[in-house]
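Structure first, then comments.
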Amino acid sequence: MNSPMIYALLGITLFSVGLYGLIVREHLLRKILALNIMGSGIFLMLVALGKRSAGELPDPVPHAMVITGIVVAVSATALALTLMLKLVEASGSAVLHDAPKDRS
Amino acid sequence: MEALDFALGLFDILLVFLVLSLAWLVMSSEDLFRAIVLFVAFGLLMALVWVRLEAPDIALAEAAIGAGLTGALMMAALDRLSSVKPIQKVAASAQRKQLSLSSKVLPLIALVLIVLGLGYALLSLPEIADGLTPNVKENMAQSGVKNPVTAVLLNFRGYDTLLEMVVLLLALLSVWSLGGERKLSPRSTNPILGSLCRVLVPVLILVSCYLLWVGADAPGGAFQAGSVLGAAGVLLLLSGWHVEQKYLLWPLRFILILGSGVFIIMAAVLLLIQGGLLTYPVAQAGWMILLLESAATLSIGATLAALFLGGVPKSRVDQ
Amino acid sequence: MGDLLTDAHWGVLLILLPLFGGLCSFLWPSAVKFIGLATVSAVALSVVGLGDQLLATGVYHHAVGGWGAPLGIDLYADGLSLFMLMVTALVGLGVSIYALDYFDQDEARRFWPLWLLLLGGLNALFLSADIFNLYVTLEIVGLAGVGLASLSGGGAALDGAMRYLMATLLGSLCYLLGVALLYHSAGTVDIPLLAERLESTPPVWAALGLICAGLALKTALFPLHFWLPKAHASASAPVSALLSALVVKASFYIFLRLWLEIFSVRTEGVDDLLGALGMAAIIWGSLQALQQTRLKLMIAYSTVSQVGYLFLVFPLAAIGTFSAWSAVAYLVLSHALAKSAMFLVAGNLMHFGGHDRIADLDRAVQRLPITVGAFALAGVSIMGLPPSGGFIGKWLLLNEALNQGRWDLVFVMMIGGVLAAAYIFKVLGFAFTQAPVTHEPKGVPAVMEWSALLLAVAAIVVGFLASPLMLILGIGETVELMGAGQ
Amino acid sequence: MNWHAWIPLFVVVSSLLPGLIIFGLPEERVGWRTLLNLTGAVIKLLLVSWMIWGVYQGDHFETRLALLPDLDLVLRAGPLSLFFVALSTILWLVTTVYAIGYLEGSPNRSRFFGFFSLCVTATVGVALAGNLITFLLFYELLTLATYPLIVHRGTDTARRAGQTYLRYTIFGGALILLGTVWLYQLTGTLEFTPRGFLSQIDPQHYPALKIIFALLIAGLGVKAALFPLHGWLPQAMVAPAPVSALLHAVAVVKAGAFGIVRVIYDVFGVEFSADLGVTTPLAWIAAFTIIYGSLRALFQDDLKRRLAFSTVSQVSYIALGVAIAGPIATIGGVVHLVHQGLMKITLFFCAGNLAETLGIHKVSEMNGVGRRMPWTMAAFTIGALGMIGAPPVAGFISKWYLGVGALEAGQDWVLLVLMGSSLLNCAYFLPILYSAWFKPTPKSWPEEHHFGRQETAWALLLPPLITALMALAAGLLTGLPFSPLEWAKIIAEREFYQP
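Chains as they are written, first to last, in the numbering used here: chain Z, 1 to 104; chain V, 105 to 423; chain X, 424 to 909; chain W, 910 to 1408.
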């Protein structure tokens, strides 16, 4: 096993750990962290596998994809955090409840 | 040479182990503050990983955004969270106790299965694959820049980048739509922050300009430059930067849409002249890309700083 | 002049126009309504232009930047894309007119930029032939959707928007991971090239699973629908209409497109799984809708069940023909029109009575006849009764199911229709009766009543336009070829 | 321009258009509404007369519009369709007049008359449908158009009656849809053809065809109120009287019965269905429904409910006549389509008059009412006698042909059913007639209104008189060229003898 593959495997493991956190942890801030970790995992896999090329340079296309991906991730995170704060202001809880409250 | 390879391999394994444990700790630690600190550390290590993967462009972006800005956003959110609702931590831990064993174990099994399945899928990929490297190489001469990543970002897949700029703007629009107005914080009384700002902000702006300029030939470019600019903006906001209300209306909005606006206009103009969306004339590609990148840098920087503020900015001086 | 019209880059215009309009409306908040309506109308005209062009020349193909796949991104429009663009323009126009009177000035300033950018994202999505580009457009659509869903503020809307954001981000990430796997399997993200190069290998299967799961989550396929009812029910009426009618369909379109072009020949078993989930969605969604006491929640659950119908096509299409695919396109169209009309109606009723409790509609049929009429007409299409677009879609689908002896699908479709009638007439029945507690109703602006009615009437009228619409759908023969190629 | 290709469409549009305009009319524009209604009805009557004359001379009227690439919407005027169209057109005109009088001064009349027109549009569409999918389309439209009429009063009882009505009809519609799609799968066509289009089909499909037949008949049986699918009909009595009249005599129940005739004649073909062995069970069910409906009617004190169960019983004569599968019985069944319509609408008009004028809703309140409202009760008597089957009212003709036809087809048991049913009819109608004419008048009526010198308003009195006279004429003038009986003979001929 070469090092790109190790990092690619790390990538999918991060994805899964994030997914696990997203499902199991209830606090919204934690869920947002989980989504970020999942994203990092995917980026890692995308780039690491691009390093399999025979030439001396890694594939630049995944790099470009990941750079834009990181910027999108931070903007989505900012939106999620703002939404969370507003939700906490309105409902007093940073946890999504399953039992629907009657908000008439 | 072999010793170096061995050392690097060892380093790789250590790094993988560290990144993984940090990610796990971010998810499992009880304290949210701790989790965020660990997440910032995770981001920094990720930057190292990118270096190891010969992706300096990403490493720059990750260091500025993944570790810096995201961390700052999270910290600020946590801060506001506790000021809004101090009891919520209790509520969260009470919730946690109700989690039965099966609701924790089942996802864990699923996690292992996903890792195994995806791992198997990855390992059955061919050992060597060129991806699009040859295509990029072949067309670099016509791209107008020398850095292949910039060529992909702004030329070969420039249309993606146009849309990504829109995503960035959309996130801000949504935040503004949600957050209402937010006054700029009063001038910081913290002398260290103030002096840090006075030194750091000009440096950051310089770095940003450098990254923007060098992006054509070497690692760097609009996204990295914009992130650094955004970081400077965040610092200014923290230290209580005073901006007059009149600059916060039209001029700010103008800067915010500058990146996507110039992109769209450029696309339309090129469509008319060249008959294709974002089809640059080879001779002019260089400066056109620089123009796009400059506009994008300003917008990204302004947007990131505005996202950090979390609402429509309003001057703290009441008119 | 004629050449100019057929040679114009309508497809590119469809993407740039709304994006530009969105930026303008952000820059000049005082003119949002004018900019918004002008942009949406221009987009509708461009769709007509594109349609004219496609009918004359077949498919539209544009290599962005002049590079062409695999290095560059290709834009591509065939009958299916045109069909979706048309649906978007129609619903968009109706909802835009409604929104003119629905929002006050402050809300309008926030609504229009988001909606125009969403429109741009949707158009870009339907025109893309590149799976990574599709990811970016999905992000536009998702974030704009979340922004819109939280527009009305208040605990319920924020709660719904939060669920929606989590679901849509998770869905995007799964999709992106699938894209990454496909890229590294085939060295391209261009759909036609992928179709040539992909083989049945473990990574491709993993990618198929991830992409399907991600898109199913975004499309709210049972049991991944959990986020939808709250998000769609608590948003403001025009937003609910857009989310239910268009945004959900966008991810379904990608599903359909990838299935048609990439995955269809490699999917024994997956199609049956999708069909089974679709059936479960129909039954579960309808039963839930029947139990709701709130109109908007009922309509949202109805979306869950209607999405189920869309997925019935996958088991049928395995040996299917043109008619299976046109059935699903028809269902998408008529559901989009009918469901947007229903949400607008719900908006009118809330405006009118200040609540959406079904049992207290309080003689709405006397006092808001146009609104209730719109609900009834939209309901006809949702139930799949003739004459309506919904009926045509259901007829085609039933035909195909019987043709292949899929009695399970036939059975579920029949049950679904009866259940839909039950929940829709529950509402209509209470619209005739007097509520125990009456109060002073508020007048509803005529524009809001009529735009809802127009959309509902459109859902009926498309029931008579099957022949021309199928002609459009057949452009490029993507759909037909896939049917014949099996 | 080829007029023949458009007239069937115009017939449908002639009530659709006024209906749609009426929806938009403000409540107080009574004059305009009346004008639109009557103009539409008269134009429709003229167009239908034109078609009848044309078809009599062998002309061909057909409108064909593409619905799906390989499936058309077809409106075609044949003898059977015209038979039903003529009935609904004439009775619509009469009922409209009646409804104008009945609803005078009550709220939401624009809505009422709008849906009233839609209802007739759907009925005419059902009658003219040239293939099964067109039939289905208008059949469902009829369900939708009648629902608002049933819940028109907006009370909770009305709403529940509406729900019950829908529960039955939507379910029935689903069955027909399933049968239609399945049939289309097997044959690739849905075009109504005299003597059916299935006789050439591969025998391996016979079991499937039996199920399809059951699906279609069950779906149609809901509206035709075949036992055990009749439950909605008595409940739907909460609707205003003109609606009940329309439901029972013209629109809903008749559409179901007409559909049964259509399916047996023009989809399966009488001979083929007899060969398939599906008509005998239908005949048994129809016979059972006849007896069952009469028995239930016997125990109703509410006048409209008694009439409703009477409808359950009477409409099954049509199904019975067709299911006996002989030419003469067929004449009896088909002609009853019109005869029952004329008689039953008279009875409902009269019941409405009693309720409006004197507040009478129950049979037990009808003592001596014949002296207070002689004209109304005269019409009622003609209708009731017709139902019993007493000559010379039209009902006698139906029963005569049914009986003779049954004997001819060797189904003697039908005679017992007819006799039993007639006896039961006597048992629930004659006491009404007796108490109305011969029992003393009570001191006061439950809720009396006065309308000048007449016993009730003109608009309420004329319609029952006209329909009663028509019922009499249909029984007396059977030999005239355009009498219902003659027309039914043409239909039967077309079905039974090769041209």
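Using N, Cα and C, we set each Cβ at its ideal position, and we do this for glycine too. Keep in mind the model is a prediction, meaning the values are calculated, not measured.
Assumed close pair residue i, residue j - CB separation to whole angstroms, cut-off 8 Å
| i | j | result |
| --- | --- | --- |
| Thr-1365(W) | Met-1282(W) | 7 Å |
| Val-755(X) | Leu-733(X) | 7 Å |
| Ser-3(Z) | Gly-113(V) | 7 Å |
| Leu-1216(W) | Phe-1257(W) | 6 Å |
| Trp-1053(W) | Leu-808(X) | The displayed chain sequence assigns Leu, not Trp, to residue 1053(W). Confirmed, Cβ separation roughly 7 Å. |
| Leu-581(X) | Ala-78(Z) | Between Ala-78(Z) and Leu-581(X) the Cβ distance is about 16 Å, and since that is not below 8 Å, they are no contact. |
| Ala-750(X) | Glu-823(X) | 6 Å |
| Thr-1032(W) | Ala-1164(W) | 6 Å |
| Gly-21(Z) | Ala-34(Z) | 4 Å |
| Ser-595(X) | Gly-632(X) | Incorrect: roughly 16 Å between the Cβ atoms, too far for contact. |
Contact list for residue i against chain Z, beta-carbon separation under 9 Å
| i | result |
| --- | --- |
| Glu-823(X) | Under the 9 Å cutoff, chain Z gives no residues; its nearest Cβ is about 37 Å from Glu-823(X). |
| Lys-530(X) | One point to set straight first is that residue 530(X) is Glu, not Lys, in the sequence displayed. Those do not exist, as Glu-530(X) stays about 16 Å from chain Z at its closest Cβ, beyond 9 Å. |
Closer than 7 Å at the beta carbon, the chain Z residues around residue i
| i | result |
| --- | --- |
| Trp-128(V) | Val-17 |
Within chain V, partners of residue i - CB distance below 8 Å
| i | result |
| --- | --- |
| Lys-86(Z) | Leu-282, Gly-283 |
Chain X residues whose Cβ lies nearer than 8 Å to that of residue i
| i | result |
| --- | --- |
| Ile-42(Z) | Leu-596, Leu-599, Leu-600, Ala-603 |
Under the three-state DSSP convention, the category residue i falls into
| i | result |
| --- | --- |
| Leu-14(Z) | helix |
| Asp-430(X) | helix |
| Ala-1217(W) | helix |
| Asn-243(V) | helix |
| Val-983(W) | strand |
| Thr-917(X) | Residue 917(X) cannot be examined here, being either before or after the span of chain X that is shown, 424 to 909. |
| Thr-1064(W) | coil |
| Asn-36(Z) | helix |
| Phe-798(X) | helix |
| Ala-76(Z) | helix |
| Gln-192(V) | Only weak support is given to the placement of Gln-192(V): the predicted model assigns it a pLDDT of 46, under 50, and the value that follows is read from those uncertain coordinates. Three-state result, Gln-192(V): helix. |
| Leu-59(Z) | The sequence shown places Asp at residue 59(Z), rather than the Leu named in the question. Asp-59(Z): coil per DSSP, three-state reduction. |
| Asp-109(V) | helix |
| Val-833(X) | helix |
| Ser-551(X) | strand |
Amino acids of chain X, ordered along the chain, whose beta-carbon sits closer than 7 Å to that of residue i
| i | result |
| --- | --- |
| Gly-1063(W) | Arg-786, Phe-855, Thr-856, Gln-857 |
| Thr-383(V) | Gly-488, Gly-489 |
| Ala-90(Z) | Gly-577, Gly-578, Leu-581 |
| Leu-1075(W) | Ala-844, Phe-848 |
Contact set between residue i and chain W, taken where Cβ atoms lie within less than 7 Å
| i | result |
| --- | --- |
| Pro-810(X) | Leu-1046 |
Interface residues of chain W facing residue i [CB-CB closer than 8 Å]
| i | result |
| --- | --- |
| Asn-826(X) | Gln-1094 |
Closer than 9 Å at the beta carbon, the chain W residues around residue i
| i | result |
| --- | --- |
| Ser-890(X) | Ala-975, Leu-976, Leu-977, Pro-978 |
Contact set between residue i and chain V, taken where Cβ atoms lie within less than 9 Å
| i | result |
| --- | --- |
| Phe-449(X) | Leu-273, Leu-277, Arg-357, Leu-360, Ile-361 |
Residues within the stretch 1078-1107 of chain W neighbouring chain X, beta-carbon criterion of under 8 Å: Ile-1079, Phe-1080, Gly-1082, Ala-1083, Leu-1086, Leu-1087, Val-1090, Trp-1091, Tyr-1093, Gln-1094
Let me know the alpha helix (DSSP H) ranges lying completely inside the stretch 343-370 of chain V, each 4 residues or longer, listed in chain order. 349-352
Taking only beta carbons into account, state which residues of the stretch 582-599 of chain X come closer than 7 Å to chain Z, listed in chain order. Asp-582, Ala-584, Met-585, Arg-586, Leu-588, Met-589, Leu-592, Leu-593, Leu-596, Leu-599
Mind listing which residues of the stretch 150-176 of chain V have their C-beta closer than 8 Å to chain Z's C-betas, in chain order? Met-150, Val-153, Trp-154, Arg-156, Leu-157, Glu-158, Ala-159, Asp-161, Ile-162, Ala-165, Glu-166, Ile-169, Gly-170, Leu-173, Thr-174
Contacting positions in the stretch 1025-1055 of chain W - beta carbon closer than 7 Å to chain X: Leu-1045, Leu-1046, Glu-1049, Leu-1053
Under 9 Å, CB to CB, which of the residues in the stretch 748-781 of chain X have a partner in chain V? none
Any C-beta of chain X within less than 7 Å: which residues of the stretch 974-992 of chain W qualify? Ala-975, Leu-976, Leu-977, Pro-978
Ordered list of alpha helix (DSSP H) runs contained in the stretch 943-1024 of chain W, each at least 4 residues: 988-1011
Between the stretch 642-654 of chain X and chain V, which residues of the former have CB atoms less than 7 Å from a CB of the latter, in chain order? none
Can you give, in chain order, each stretch of the beta strand (DSSP E) that sits fully within the stretch 1030-1057 of chain W and has at least 3 residues? none
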